[in-house]
Amino acid sequence: MAVSVTAAAVALSLSGCGSLSFIGRSQAQDIAEMNVTSPELREGKPLPSEYSCGSDQGSPPLRWSSQPLPGAKSIAIVVDSHTSAKSAVHWVLYDIPATTTELGPNAAADPPEGTGQARVTSGRVGYEPPCEKDASYRFTVYTLNGKVGLAAGSPLPAVLKKIAEQTIARGRLTAVYIQ
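Numbering (my numbering), first residue to last: 5 to 183.
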């Protein structure tokens with residue numbers, strides 16, 4: 005498990021992305037900003053327990069917007085967590101059509117057609133509900149200038165590397181702790 009996260013961080017560091025986050029600002033190009041919201045989550049507020057391992061609600065609904073980007077070909081979502089002791093990736097959904105601007109609740113259970121979900125830190129494919137009560141949970145949406153194009157269930161480092169290489173816009177909503 006730790007090897008996968010470490011491998012992902014190393015792969016992204018080598019690809020020019022920031023080393024302190026799974027996917028950061030590329031040094032090769034400017035990344036446009038996106039606005040990420042949710043009817044269930046609030047920036048800097050606790051993650052509702054129904055989206056944690058204490059419930060079977062699944063992934064929370066998300067919405068995003070940005071200025072029109074002519075090079076946009078797909079969207080990717082990465083949900084990760086951080087504590088002082090460890091980091092984990094809980095969900096990666098990719099190859100979402102570029103015209104999509106929101107996902108409803110539990111989209112991981114019924115993802116949009118043509119999308120893929122990576123194998124996350126736990127080894128599971130799909131949304132792995134978080135359990136760490138005192139972590140920060142980042143829901144990051146990326147606009148890509150291409151498709152990831154990897155099979156569903158692909159290894160996390162390979163998928164994150166493709167996302168990092170193609171990111172043209174990024175936005176994030178961060179929840180702290182679990183309610």
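In this text, a Cβ means the ideal position worked out from N, Cα and C, and glycines have one as well.
Predicted model only: the values in this text are computed from it and were never measured.
For residue i, collect the residues of the same chain with a Cβ closer than 7 Å to its Cβ; drop the 5 residues on either side in sequence, then sort them by chain order.
i	result
residue 92	9, 84, 85 and 125
residue 136	85 and 87
residue 183	50, 51, 52 and 53
residue 170	148, 149 and 150
residue 69	38, 39 and 105
residue 73	36, 147, 172 and 173
Straight-line CA distance for residue i to residue j?
i	j	result
residue 132	residue 44	18 Å
residue 156	residue 120	4 Å
residue 24	residue 100	For residue 24, the predicted structure reports a pLDDT of 37, less than 50, and the residue's modelled location is therefore unreliable. The matter cannot be settled from this model.
residue 90	residue 174	23 Å
residue 53	residue 146	25 Å
residue 95	residue 123	8 Å
residue 82	residue 56	16 Å
residue 58	residue 138	14 Å
residue 79	residue 152	9 Å
residue 160	residue 181	24 Å
residue 77	residue 168	14 Å
residue 97	residue 34	23 Å
residue 176	residue 71	15 Å
residue 154	residue 163	7 Å
residue 111	residue 127	19 Å
residue 129	residue 116	15 Å
Can you name, in chain order, every residue of its own chain whose Cβ lies under 8 Å from the Cβ of residue i, other than the five neighbours on each side?
i	result
residue 178	47, 48, 140, 141, 142 and 143
residue 75	149 and 172
residue 118	99 and 101
Can you tell me where the beta strand (DSSP E) with residue i in it begins and where it stops?
i	result
residue 180	171 to 180
residue 148	140 to 148
So, for residue i: in the same chain, excluding its five sequence neighbours on each side, which residues have a beta-carbon less than 6 Å away from its beta-carbon?
i	result
residue 67	41 and 106
residue 109	65
residue 158	122
residue 61	54 and 55
residue 113	62
Which runs of the beta strand (DSSP E) fall wholly inside the segment 35 to 113 and span at least 3 residues, in chain order? 39 to 41, 66 to 69, 78 to 86 and 91 to 101
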